[in-house]
Structures are given as structure tokens and as C-alpha cells.
Amino acid sequence: MDLIEKAFTTFPTLETDRLSLIEIKQAHLKDLFALFGDSAVTRYYNVKTLLYEEDGQPLLDWFHRRYRDRQGIRWGISLKRKPGIIGTIGVNHYLPNHRANIGYDLQSRYWNRGYTTEAVRAIVDFAFNILSVNRVEAEVIDGNIFSQKVLLKAGFTHEGMLRQWMYWDDRHFDMHMFSILKDEFLKK
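Counting from 39, one number per residue, gives the positions in the sequence shown under this note's numbering.
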């Protein structure tokens, strides 16, 4: 069984110095509500702020469906030796030998501690070494300076602005494109 096949047969758990990237399960529904029920988190995200805990169920189902259909992998970000998840991170679209797109979010009370950068580095490594892509990219909505800083700290290059690239909630949004190539990542 090759590495890509294995990644979609048994959910891959990733470890960093301070974090465990784990499968998001039904027991994490309360954590998803804490995350996506916070308007500071959803401000730059194409997800409506959740009003009730059960509003997170469709999101959880979507994460599971994308994994089952081999369209992406979404991990829960967990502090080592602590229950629950404090955020999510994932490879949303990938084409082996070509590219992958990533996305992430973190409960606002855990911002500015380097957790997201640490998690980004872990899934970039996974994308290059397990999913066999050559490029990892991320789009960041204009104005989300914190997310731009995360990507720059993780070694990404800002490629430019995609004007009115995203359409959501009856509005168009400019997006910044960031990327890192496999050879750049391996040199660091």
C-alpha cells in the first residue's frame, strides 16, 4: 500500500512539539462550537458564526465526507496531553505530483502563541512527503493580517492578490495567494 492510500485508509495523526493533529470526532462537537461560534474566528472565514452547538454537525459531517471521498483531510488541533481540540487544519484540495491547498482556524484565546504556524509546518511536511505534492498554497482574505503572518513564518511566499476571487454571502472578496514549493521547504 502506498503512502497516499495509507493516509486515506487509516486517519493519520501528526505530532509536533506541542500539538497533536487528530481526527475530529463527534465528541469534539462542543469544541467546534467554541471555535466557529466565535465571531472573531469566523470574521475572515466563509462560514457563518454558529449559534448553537448542534449547528456544527454539518461541518463535522463535511470533514468526514471529504476524508471518506479522498478529497481532503481535516485534523483537529489538540494541545498535547489535553482533551479536546482548539482548532482545525487541513489539506482541502490536492493533486498528487502537483499541488495542495490548506486552510486552518484556531480558537481566539489561543492566538499569538505560535500554535497555528507549528500546525501549518506539520501539514506542509505531510503534503510534500506523504501526499507527494510539489506545491502547497493558501488563500487569505484581504485584511486577515494574522493569517498572512502565520504563512510567512511557516516559510510561504506571498505571490500577490487575487482580485474579487472569492464570492460568499452575496459579496466578492480579494484574496492573497501564498505558496511554498517542495524544494524550498526541504532547504529549511
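All C-beta atoms, glycine included, are put in the ideal place defined by N, C-alpha and C.
*asked:* For the alpha helix (DSSP H) containing residue 221, name the first residue and the last one.
replied: Here residue 221 refers to the residue found at position 183 of the sequence shown. Start and end: 220 to 225.
*Just reading off the beta strand (DSSP E) that residue 176 is part of, what are its end residues?*
Position 138 of the sequence shown holds residue 176. For residue 176, the uninterrupted beta strand (DSSP E) run begins and ends at 173 to 179, by DSSP.
*Could you round the C-beta distance between residue 113 and residue 128 to whole angstroms and report it? I think they count as a contact, below 8 Å.*
On the sequence shown, residue 113 is found 75 positions in, with the first residue counted as 1. On the sequence shown, residue 128 is found 90 positions in, with the first residue counted as 1. Yes, residue 113 and residue 128 are in contact; Cβ-Cβ is about 6 Å, under 8 Å.
*What three-state label does DSSP hand residue 189 in the structure shown?*
Residue numbering aside, residue 189 sits at position 151 when the sequence shown is read from its first letter. DSSP places residue 189 within a helical segment (H, G or I) once states are collapsed to three.
*asked:* Using the Cβ count rule (16 or more neighbours within 10 Å means buried), how would you classify residue 196?
replied: Residue mapping note: residue 196 aligns to position 158 of the sequence shown, counting from 1. By the 10 Å Cβ count, residue 196 comes out exposed.
*Any idea if residue 109 is buried or exposed, counting beta-carbon neighbours within 10 angstroms, 16 or more meaning buried?*
Residue numbering aside, residue 109 sits at position 71 when the sequence shown is read from its first letter. Burial call: exposed.
*Would you decide whether residue 122 is buried or exposed? Buried here means 16 or more other CB atoms lie within 10 Å of its CB.*
Mapped onto the sequence shown, residue 122 falls at position 84. With fewer than 16 Cβ atoms within 10 Å of its Cβ, residue 122 is classed as exposed.
*Look at the Cβ atom of residue 91, then the Cβ atom of residue 67, and state whether they are nearer than 9 Å.*
To locate residue 91, count along the sequence shown from 1; it is residue 53. To locate residue 67, count along the sequence shown from 1; it is residue 29. Residue 67 sits close to residue 91, with the two beta carbons spaced by under 9 Å.
*Indicate the three-state DSSP secondary structure (helix, strand or coil) for residue 202 in the structure shown.*
Within the sequence shown, the letter at position 164 stands for residue 202. Three-state result, residue 202: strand.
*If you count every other CB in all the chains shown that lies within 10 Å of the CB of residue 167, and 16 or more means buried, which is it?*
Locating residue 167 in the sequence shown gives position 129, where the first residue counts as 1. Around the beta carbon of residue 167, fewer than 16 other beta carbons sit within 10 angstroms, so the residue counts as exposed.
*Just to confirm, are residue 57 and residue 117 a CB contact at a threshold of 9 Å?*
In the sequence shown, residue 57 corresponds to position 19, counting from 1. In the sequence shown, residue 117 corresponds to position 79, counting from 1. Result yes, Cβ atoms of residue 57 and residue 117 sit closer than 9 Å.
*According to the Cβ coordinates, are residue 203 and residue 177 closer than 9 Å?*
Taking the first residue of the sequence shown as 1, we reach residue 203 at position 165. Taking the first residue of the sequence shown as 1, we reach residue 177 at position 139. A distance below 9 Å separates the beta carbons of residue 203 and residue 177.
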